[in-house]
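Remember, this note's numbering sits 41 above the position in the sequence shown when you count from 1.
Just so you know, even glycine gets a beta-carbon here, dropped at the ideal spot from N, CA and C.
Computed from a predicted structure; not experimentally measured.
Structure first, then comments.
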Amino acid sequence: MLKNTENGYGVIAKGFHWLLFFMLTFSVVAGNFLSSMPKGTEKLQSAGMHKSFGVILLLLILLRFAWKLINTTPRPPEGSTVIENLLAQGMHWALYALMFAQPLSGILMSQTAGYPVSVFGLFELPVLIDKNPSSAELFRNGHGVIWILLAVAVAGHVAAALFHHFIKKDDVLKSITVGTQV
């Protein structure tokens, strides 16, 4: 099924989930590699690719969020407590906020440093904020902190999925992977 049901996630939600996981993982690894590169042409070209992927990620995150808003949310697994459900909802909202904040902080970091954000050389994003070195430093620091918070949140998300699969033995993990919908 394309859309979510009360029993599980549809193909589109699953596709967004895994595509964004792999793209965000790649972008974090690439961003850390980029920060260790010496200044020069190669670093500028790599930064341009990183920014382009960041813009694509931001668009996909917005599409995923819109899809979430117009879809059914699968019901919590049987036997889950109110606290577990609140923690799960809080984790999902935190992941959305961090996924959105990461590319946005990168765009604002670049623009406040006086660098345009080009998308694969096809077009440039409109300037949202003027050049401002102190703001650029703030956004650079934020971009660095957000990826760490995102990595911690993803690790918690994975741990919770594994807990459900191996300890609680419910279908939470299957519902976002290969599980069938009823």
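Got a sec? Which residues, its chain only, sit under 8 Å from Phe67 by beta carbon, not counting five neighbours each side? Phe94
Would DSSP call Gly183 helix, strand or coil? Residue state, collapsed to three classes: helix.
Opposing strand residues paired with Ser159 [DSSP bridges]: Glu165
In whole angstroms, what is the alpha-carbon distance linking Thr114 and Glu47? 6 Å
Count the other CB atoms, across all protein chains shown, that sit within 10 Å of the CB of Arg116; report buried if there are 16 or more and exposed otherwise. exposed
Simplified DSSP assignment, three categories, for Gly197: helix
Using only the alpha-carbon positions, how far apart do Lys55 and Met42 sit? Roughly 11 Å between the two C-alpha positions.
Beta-ladder partner(s) of Thr46, from DSSP: Per DSSP, Gly49.
Starting from Gly131, trace the alpha helix (DSSP H) both ways and give me its first and last residue. Val123 to Thr153
Sequence-distant residues of its chain with Cβ nearer than 8 Å to Val223 (five each side left out): In this prediction, Val223 has a pLDDT of 44, which is less than 50 and means its spatial position is unreliable; what the coordinates show is noted afterwards. Closer than 8 Å at the Cβ level, and outside the excluded window around Val223, lie Thr46, Asn48 and Gly49.
Quick one: what does DSSP say Ser77 is sitting in, helix, strand or coil? coil
Considering only C-alpha positions, which residue in the set Ser121, Val160, Glu165 and Leu127 is nearest to Asp211? Ser121
The region 171–183 / the region 93–111 touching (three or more Cβ pairs under 8 Å): Between the region 171–183 and the region 93–111 there are fewer than three inter-stretch CB-CB distances shorter than 8 Å, so the stretches are not counted as touching.
Buried or exposed: where does Phe188 fall if 16 or more other Cβ atoms within 10 Å of its Cβ makes it buried? As written in the sequence, residue 188 is Trp, which differs from the Phe given in the question. Buried is the call here.
Going by C-alpha distance, which of Gly89, Leu65 and Phe63 is nearest Leu75? In this structure, Gly89 is the residue among Gly89, Leu65 and Phe63 with its C-alpha nearest to the C-alpha of Leu75.
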